[in-house]
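In this text, residue positions in the sequence shown follow the UniProt record's numbering: the first is 1, and each later residue adds one. This report refers to the structure that appears directly beneath it.
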Amino acid sequence: MSETMSTNEEKKLPLNGRRAIPPNNSNDEENDVPEMEAFGLIPRGFNPRDYLRVEDIYMFKEPHEFNKQEHHTDKYYNSKLIVRRGQPFQIQIYFNRPYKPETDQFWLEYLMGRYPQQNKGTYIPIVVGNVLKPGQWGAKIIHRENNSIRLSIMSSATCIIGKFRLYVAVLTPFGILRTRRNAATDTYILFNPWCQLDAVYLDDEKEREEYVLNDVGIVFHGNVEDVKSRSWSYGQFEENILDACLFLMDKAELELSGRGNPIKICRVASAVINSRDDNGVIAGSWNNTYDYGVAPSAWTGSVDILLEYYSSKQPVRYGQCWVFAGVFNTFLRCLGIPARLITNYSSAHDNNANLRLDFFLDDEGKVDTKLTKDSVWNYHCWNEAWMTRPDLPVGFGGWQVVDGTPQETSDGMYRCGPASVQAIKHGHVCFQFDAPFVYAEVNGDIFYTKMEKNGTQVVESIDTTHIGQLIVTKEVGGDGMKNITEEYKFREGSDEERLALETAVMYGVKKQNIQDTTYQPQTDVEMDFQAQKAVLGNDFKVTVTFRNKSRNSYTATTYLSGNIVFYTGVTKREFKKHSFSAKLEPSSSSSFDIVIKSSEYMSDLLEQASFHFFVTARINETGKILAVQKAVVLEIPTLRIKTKGELVAGKEMSVIVEFTNPLKQALENVTLRLEGPGVLRTIKKQFGKIPMNSTLTWEVKCIPMRPGLRKLIASLNCDALRHVYGELNVQIQKP
């Protein structure tokens, strides 16, 4: 054993001239702590049993006991003590005889990692005193009875978070006697939004209940004209999730001493949530093929993903933006950092961050997909985490954008944030981290540019209102939508908005000046484009409307291009081309309908059933071009969920999921998933075939564990149909 141990040590600890101690970045590793630490030679008659000795330590770690109730950690499905920093908790120590303060001396030791050091916050000795100072380590005796004492222990409001090992040390004349290593006394310490001295302090109880303690949330998707929502199970309290989240910080090799700082934790987590460049949690896939993995739309929550990663240590396939954001939200809430999931509609992915998305038109005025590199995502999800920013000037604390979706590199890795929402709104994009990128996501302008034969670019049309039209999150205490666009930007066209833009440009956001390019738009004709509400598998119509405000007659040569797109705005295929000539009478409006047949789009439809329409019209008399683009998302059928039997904690009940196939084809290799935090763990079931118009019924028996209002979430997935969801709120009674 000693042989392998030493070779192992050599492998682990190469001699390093720069640091005396190897990096301490694993919460899982431990060092050996001696039970007897002698001061010198021990005399022959020494018997440790003659001195004060610890027989047992009682941790008050049951969910119904004082510690977990006071610290809001009673929901964690974890048998160990979990407390929040900067707030007192209690333990009881049983000795072999009554404790005599005049002669007996003992202290507590909290240790973390393999190389505990006091100045790094990984070795914390606590001597028992008479008073507890707020937000500083300390302990005092609050009750003495027979051979036992009860201690109230205060942790520092800035201490590192993670799992600590506890020892009790007793001083004898010949050395220090310690308790044996006992995993049952391990103590998790988390961030504390209830403590005013903590960097993540949030002063509103309703918000703390939502952003820290709510284990289900809503993801808003679809597009700005047609906002859709679905539930997501965060499951931050489920079994082994806390350990999985601590493992992510080990995986990111975040030094233990940095783990008290929410800024550092968010920054490393935004890199480790995606698998690019560090083998992180989720592998992204946007190409509609999900071999050897789960389609992003099939996931109903974060728990399966985190547990699979924790056990396999390999990236879980596959995710798209809402999956990255859902898992990131679980991580933040689990550690005690208030967090919410954000959706930005018409989100700019601006490849060169110049606040300008270029859509190039060919000679006829149609969009040239080969030349166009920038894209507008129908929506993009990221997270906000709540914290102070002592590294920035006053006023930039509060909500910070963090984004785990791999889009662009930041300091050499795929990560984004934390960037202050307040700084983005006011254009102060010089403040770390990645504010210019987020600023461009919500503030870009769309330029329709024509490439002339000689290589010059002519700007034909500019749309300043399309990007970042709507930014939303789930409302506090309900399933509705809260519009937070005003937290990111001033009203379109207001003086403040212009000032914020000038500030952003001053701080280095590139913005091309219109004056550089000759640009005189056609102002006396307006063009609008509307789509009828469309159901998957049906025909629908779209309408182009012109308003001629002038006294002239015009004719407009109009092109409509319908594209099947990924929700990221990237085109898969153009499925509809239609051109017509429109006669525009003076001072009047005229509308033109175009029918889109299901046979035109069904064969190539992608999973979010998204279309992108470009309409360009050239006014023949002036040569000017009008352009408009719009995303259309089809209505996808939903799953129905019902329950049968009594809804009582500890009693068996049934959940029934139903689905009717609305398509003109049979669905094959269908997977159903069902989960509900506190009611049932995720269950999956495969169905070989669902013929057209037939209904599938799936009954699952389960025993709910926790009383209270709970949510059941289901998804259906197959190659022909994805993004099919259903949900149901259930009230589980106390037994």
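The C-beta atom is built at its ideal place from N, Cα and C for all residues, glycine as well.
Is it the case that the Cβ atoms of residue i and residue j are separated by a distance below 9 Å?
{"i": "L177", "j": "I241", "result": "no"}
{"i": "I732", "j": "G678", "result": "yes"}
{"i": "G293", "j": "P406", "result": "no"}
{"i": "V442", "j": "I467", "result": "yes"}
{"i": "S297", "j": "H723", "result": "yes"}
{"i": "N24", "j": "L256", "result": "yes"}
{"i": "V503", "j": "G427", "result": "Inspection of the sequence shows that residue 503 is occupied by Thr rather than by Val. Yes. Within cutoff."}
{"i": "G222", "j": "N378", "result": "yes"}
{"i": "R85", "j": "I161", "result": "yes"}
{"i": "T158", "j": "V168", "result": "no"}
{"i": "Q90", "j": "L151", "result": "yes"}
{"i": "F324", "j": "P262", "result": "no"}
{"i": "F529", "j": "V544", "result": "yes"}
{"i": "N67", "j": "V83", "result": "yes"}
{"i": "P338", "j": "A295", "result": "no"}
Using only CA atoms, which one of the options lies nearest to residue i?
{"i": "Y554", "options": "Y567, V525 and Q731", "result": "V525"}
{"i": "I462", "options": "T473, L626 and R547", "result": "L626"}
{"i": "W322", "options": "Y290, R340, W286 and C381", "result": "C381"}
{"i": "N146", "options": "Q196, Q92, A139 and F174", "result": "Q92"}
{"i": "K140", "options": "L108, L335 and T158", "result": "L108"}
{"i": "P173", "options": "A38, V376, K453 and R551", "result": "A38"}
{"i": "H71", "options": "V628, L335, C702 and L721", "result": "L335"}
{"i": "A271", "options": "D198, D411 and N182", "result": "D411"}
{"i": "T643", "options": "R710, Y318 and L246", "result": "R710"}
{"i": "R340", "options": "F566, N78, A199 and K474", "result": "K474"}
{"i": "F433", "options": "R267, S550 and D479", "result": "R267"}
{"i": "N127", "options": "F360, T568 and I153", "result": "The question names Asn, but residue 127 is Val in the sequence shown. Taking only the C-alpha atoms, the option nearest V127 is I153."}
{"i": "I484", "options": "T557, E364 and F220", "result": "F220"}
{"i": "T390", "options": "V54, L171, A199 and R618", "result": "In the sequence under discussion, the amino acid at residue 390 is Pro, which differs from the Thr named in the question. When each option's Cα is compared against that of P390, the closest is A199."}
{"i": "T616", "options": "V402, A582 and V648", "result": "A582"}
{"i": "W194", "options": "M387, T185, M653 and E486", "result": "M387"}
Our contact map puts residue i next to residue j with C-beta atoms below 8 Å; I'd like the distance itself, whole angstroms only.
{"i": "S233", "j": "I218", "result": "Their Cβ separation, rounded to whole angstroms, is 11 Å, which puts S233 and I218 out of contact at 8 Å."}
{"i": "S420", "j": "F431", "result": "6 Å"}
{"i": "I342", "j": "I471", "result": "6 Å"}
{"i": "I302", "j": "G235", "result": "Residue identity differs from the one stated: residue 302 is Ser in this sequence, not Ile. At roughly 6 Å, the Cβ-Cβ gap stays under 8 Å, so S302 and G235 are in contact."}
{"i": "V281", "j": "V216", "result": "The Cβ separation is near 20 Å, so there is no contact."}
{"i": "Q665", "j": "V633", "result": "Between V633 and Q665 the Cβ distance is about 21 Å, and since that is not below 8 Å, they are no contact."}
{"i": "residue 739", "j": "D374", "result": "Because the chain spans 1 through 735 in this model, residue 739 falls outside it and cannot be assessed."}
{"i": "V429", "j": "Y507", "result": "5 Å"}
{"i": "T449", "j": "F360", "result": "6 Å"}
{"i": "A348", "j": "A440", "result": "6 Å"}
Starting from residue i, follow the alpha helix (DSSP H) in both directions and report where the run begins and ends.
{"i": "M249", "result": "I241 to K251"}
{"i": "K61", "result": "Taken as a continuous stretch (DSSP letters only), K61 belongs to no alpha helix (DSSP H), as it is neither H nor E."}
{"i": "R208", "result": "E205 to R208"}
{"i": "A534", "result": "No alpha helix (DSSP H) contains A534, which DSSP labels as neither H nor E."}
{"i": "H612", "result": "Not the alpha helix (DSSP H): H612 falls in the beta strand (DSSP E), residues S610 to I619."}
{"i": "I342", "result": "No alpha helix (DSSP H) contains I342, which is instead part of the beta strand (DSSP E) from A339 to H349."}
{"i": "K366", "result": "No alpha helix (DSSP H) holds K366; DSSP gives it neither H nor E."}
{"i": "Q520", "result": "Segment: none, Q520 is in no alpha helix (DSSP H) and carries neither H nor E."}
{"i": "D362", "result": "It is not in any alpha helix (DSSP H) - D362 carries neither H nor E in the DSSP assignment."}
{"i": "K498", "result": "Going by the sequence as given, residue 498 is Arg instead of Lys. It spans D495 to M506 - the alpha helix (DSSP H) in which R498 sits, taken as one unbroken run."}
{"i": "Q69", "result": "F66 to E70"}
{"i": "S598", "result": "S598 to Y601"}
{"i": "E486", "result": "T485 to Y488"}
What residue range is occupied by the uninterrupted beta strand (DSSP E) comprising residue i?
{"i": "F659", "result": "M653 to T660"}
{"i": "residue 752", "result": "Look at the range of the chain in this structure, 1 to 735, and you will see that residue 752 is not part of it."}
{"i": "E384", "result": "S375 to M387"}
{"i": "V700", "result": "T695 to C702"}
{"i": "G708", "result": "G708 to C718"}
{"i": "W322", "result": "From DSSP, W322 is part of no beta strand (DSSP E) but of the alpha helix (DSSP H) over C321 to L335."}
{"i": "T555", "result": "Y554 to V565"}
{"i": "R673", "result": "L667 to G676"}
{"i": "N729", "result": "L721 to I732"}
{"i": "A582", "result": "T571 to L584"}
{"i": "R491", "result": "It is not in any beta strand (DSSP E) - R491 carries neither H nor E in the DSSP assignment."}
{"i": "Q400", "result": "G398 to D403"}
{"i": "N548", "result": "F540 to N548"}
Checklist entry - What runs of the beta strand (DSSP E), each 3 residues or longer, lie entirely inside the stretch 85 to 129? => result Correct list: 89 to 95, 106 to 111 and 123 to 129.
Checklist entry - Which runs of the alpha helix (DSSP H), 4 residues or longer, sit entirely within the stretch 223 to 307? => result List check, alpha helix (DSSP H) in window: 241 to 251 and 262 to 272.
Next on the checklist: At 4 residues or longer, what runs of the alpha helix (DSSP H) sit wholly inside the stretch 408 to 466?
Outcome noted: Correct list: 421 to 426 and 435 to 443.
Next on the checklist: I'd like the ranges of any beta strand (DSSP E) spanning at least 3 consecutive residues and lying wholly in the stretch 153 to 198.
Outcome noted: For the stretch 153 to 198, whole beta strand (DSSP E) runs of length 3 or above, ordered along the chain, are 162 to 172, 175 to 178 and 187 to 190.
Checklist entry - Can you list the beta strand (DSSP E) stretches of 3 or more residues lying completely in the stretch 130 to 154, in chain order? => result Counting whole runs of 3 or more residues, the stretch 130 to 154 contains the beta strand (DSSP E) stretches 138 to 145 and 148 to 154.
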